[in-house]
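Working notes, beginning with the structure itself.
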Amino acid sequence: MNSLFKRLPRKRVAATRRSSRRVHAQPRPHPSLTTFSRLCVEGPLPAALALLSELAAAGLRADPVSLTRLVKLCVRHGTADHGRLIHRHVEAHGPLPHDGAGGLFVSNSLASMYAKFGLLDDALRMFDGMPVRNVVTWTTVVAALASADGRKQEALRFLVAMRRDGVAPNAYTFSSVLGACTTPGMLTAVHASTVKAGLDSDVFVRSSLIDAYVKLGDLDGGRRVFDEMVTRDLVVWNSIIAGFAQSGDGVGAIELFMRMKDAGFSSNQGTLTSVLRACTGMVMLEAGRQVHAHVLKYDRDLILHNALLDMYCKCGSLEDADALFHRMPQRDVISWSTMVSGLAQNGKSVEALRVFDLMKSQGVAPNHVTMVGVLFACSHAGLVEDGWHYFRSMKRLFGIQPEREHHNCMVDLLGRAGKLDEAVEFIHGMSLEPDSVIWRTLLGACRMHKNASLAAYAAREILKLEPDDQGARVLLSNTYADLRQWTDAEKPWKAMRDRGMRKEPGRSWIELEKRVHVFIAGDLSHPCSDTIIQELNRLIGRIKSLGYVPQTEFVLQDLPTEQKEDLLKYHSEKMAIVFGTMHAVDGKPIRIMKNLRICGDCHAFAKLVSKSEGRVIVIRDPVRFHHFQDGACSCGDYW
DNA sequence: GATTAGCAAG
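Rendered as structure tokens:
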């Protein structure tokens, strides 16, 4: 028993000796270097930075891998100042690019750090100071320049320079530089280079190619790149869906979305955002609601929620927009701006301004887009004094310098309110050179207030800047036609015919059971045309008893009254309204989208049909919404 | 260590 007790401590001693022998056999690194490596991965950043300076003071060199990780940590959790601290350390203690691969790694990551903090010039200084550069170094600056505003040309110059320097661009380089192609010529050249380098089948390169074609307005080009692909990933699918949605082909975008699902991919936030944009563009509220169900699982994605909010606003469903807005876990300036513009476009200017006040009271700073929405609210409600107030004080109160679009809102505000002379004075007093958009706004106001001489002046100014503009000629002609000056009204048409131009026909569409039905003015080719015309005649009969008189003044041609009535009757929005009343579910609003602004006669028609049929009709034109209910419209007949 | 897709207005 005794011996047993005595042996126990000896065993412990032996064990301790063995372990100390192990330590001596494999000397542990300096404890602070080990800790430093760990801190560079796990953080916290301040502790890692403090240890870095301790190491330097002790004459110990941090290894390149840890330093690179530290830079990464700094990008994730720190500021540019933290980055500069690491940069200074590296300059004083190394490793530098000429120290070998490790040094190059560290310098590259520092350049990338500056780029990620938006400090492009620091990144370029870093680049200039590097005695050795590899493809990563070059790609870092190419990518940074390609994504910076107004520096895309430089990105392409760097691509040329790197080749001259004997460094071959790789898939990373190409996928970055493609976004810098601002002309079809550049894009074709870079696309050819990717093929030559054998990199055009890389998914990153391909999705950038698709995006680049689409952004230059060549949707077919993007589609070709997509179709030629053998292997696609989710981002490639998202690129092409986004391309269709951004180009205004909502139906195409949704078709591709279905194909993507058939191909076995499940959507992510990016997919859903683009699909929502497609629904928004086509006023497909029901399809949008279905997307909403999938949005629920991404309850922290603000971009996606903002897109959903915009969809409800632009589909004219303010109840849904409002409910969503209040439920959203976070809201940023885009969420607020979407609500301000959404309410204003739907004829709720006072509510829009109230939301704007609420936004300010919650400490959210408006930006230039918010102010466009605010001014839009003022101009569409005739709130001239408020508009002036916001325009004049936006610089002082919010630090936002009025830009072109804000000036345009002011011309609209004054013009709509009939203050045409003030509008002209405003244009002449602008510090900016007026562009065709501003003149077109003035021209629209001239048409509204039947001022032909000023309309002619505005149209001349537009045509000086854009000789092929159709809209200016159509608006000018319509202004003359409003005044029954048929000879003058004919001249712009003749000019258009001489140039081989045709007016864009009126087009309205409506979503019904996941399908979009399109109606074109005067075109009776829809399969249900016969029944639509019967129903149209019946409705006209009913609303005539409510006081409807076809307002033939909106037919802008010199024709006998009867023919004018016929032309009016087949306006696309009337056919869409009738089709809507024939098929819509009880109690649900009829939602219609139109490519041109609604005419006065169709406006009167819609008001009376909303009364006689007891239905809510929502029509969205390129600028705003009309909610017709019980014989009245949300625009208060002011549009 | 560097790369691709998604949100508000005009």
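Heads up, the first sequence is in this note's numbering, so the first residue is 1 and it goes up one at a time. Using N, Cα and C, we set each Cβ at its ideal position, and we do this for glycine too.
Test item: CB-CB of residue i and residue j under 9 Å
| i | j | result |
| --- | --- | --- |
| Leu343 | Cys315 | no |
| Phe579 | Cys528 | yes |
| Leu304 | Thr273 | yes |
| Val135 | Leu159 | no |
| Ala445 | Leu476 | no |
| Gly506 | Ser572 | yes |
| Phe174 | Val205 | yes |
| Ser207 | Val251 | no |
| Ala144 | Leu120 | yes |
| Ala278 | Ile241 | yes |
| Cys599 | Phe554 | yes |
| Ala293 | Val275 | no |
| Leu465 | Trp439 | yes |
| Val230 | Gly221 | no |
| Arg223 | Gly248 | no |
| Glu461 | Leu539 | no |
| Asp684 | Ala489 | Residue 684 lies beyond the stretch modelled for the chain, which goes from 1 to 639, so this question has no answer here. |
| Glu511 | Glu351 | no |
Bridge-paired residues (DSSP) for residue i
| i | result |
| --- | --- |
| His80 | Inspection of the sequence shows that residue 80 is occupied by Ala rather than by His. DSSP output for Ala80 lists no bridge partner at all. |
| Leu512 | Arg515 |
| Met593 | Trp509, Arg620 |
| Ala632 | Gln629 |
| Ile707 | The displayed coordinates of the chain run from 1 to 639. Any statement about residue 707 would go beyond what the structure contains. |
Classification of residue i by the beta-carbon crowding that lies within 10 angstroms, buried from 16 upward
| i | result |
| --- | --- |
| Lys544 | exposed |
| Trp486 | exposed |
| Pro434 | buried |
| Gln269 | buried |
| Thr79 | exposed |
| Ala123 | buried |
| Val106 | buried |
| His428 | exposed |
| Pro622 | exposed |
| His583 | exposed |
| Ala47 | exposed |
| Asp211 | buried |
| Tyr480 | buried |
| Gly636 | exposed |
| Leu358 | exposed |
| Val41 | exposed |
| Leu443 | buried |
| Arg447 | buried |
| Met258 | exposed |
| His326 | exposed |
| Pro329 | exposed |
| Tyr638 | exposed |
| Ser393 | exposed |
| Phe625 | buried |
| Leu49 | buried |
Proximity winner among the options, relative to residue i (alpha-carbon distances)
| i | options | result |
| --- | --- | --- |
| Arg591 | Val518, Ala604, Gly270 | Val518 |
| Leu567 | Met582, His583, Ala576, Pro550 | Pro550 |
| Met162 | Arg497, Thr139, Leu465, Gly248 | Thr139 |
| Arg331 | Val350, Gly347, Asp299, Ala352 | Asp299 |
| Lys641 | Ala307, Glu461, Arg125, His368 | Because the chain in this structure spans residues 1 to 639, residue 641 falls outside the shown range and cannot be described. |
| Leu104 | Glu535, Thr137, Glu54 | Thr137 |
| Arg620 | Arg133, Arg597, Lys419, Leu512 | Arg597 |
| Met575 | Trp509, Ala604, Gly587 | Trp509 |
| Ser696 | Ser393, Ser436, His407, Leu397 | Beyond the ends of the chain as shown, which are 1 and 639, falls residue 696; an answer cannot be given. |
| Gly150 | Pro467, Pro131, Met130, Thr182 | Thr182 |
| Ser347 | Gly373, Tyr172, Ala245 | First, the residue type needs correcting, since residue 347 is Gly and not Ser in the sequence shown. Of the listed residues, the one whose Cα sits closest to Gly347 is Gly373. |
| Gly547 | Ser201, Ile532, Ala604 | Ala604 |
| Asp586 | Lys569, Pro560, Arg615 | Arg615 |
| Glu405 | Val295, Pro169, Phe376, Arg69 | Phe376 |
| Ser112 | Asn537, Arg69, Pro560 | Arg69 |
Quick one: which unbroken beta strand (DSSP E) runs of 3-plus residues sit fully inside the stretch 403-455? Chain order, please.
none
As an exercise, report each continuous beta strand (DSSP E) stretch of at least 3 residues that is fully enclosed by the stretch 319-362, in chain order.
none
Jot down the residue ranges of each uninterrupted alpha helix (DSSP H) in the stretch 143-190, minimum 4 residues, whole runs only, in chain order.
152-164, 171-177
Counting only runs of 3+ residues fully inside the stretch 85-111, write out the beta strand (DSSP E) ranges in chain order.
none
Jot down the residue ranges of each uninterrupted alpha helix (DSSP H) in the stretch 240-288, minimum 4 residues, whole runs only, in chain order.
Counting whole runs of 4 or more residues, the stretch 240-288 contains the alpha helix (DSSP H) stretches 250-262, 269-282.
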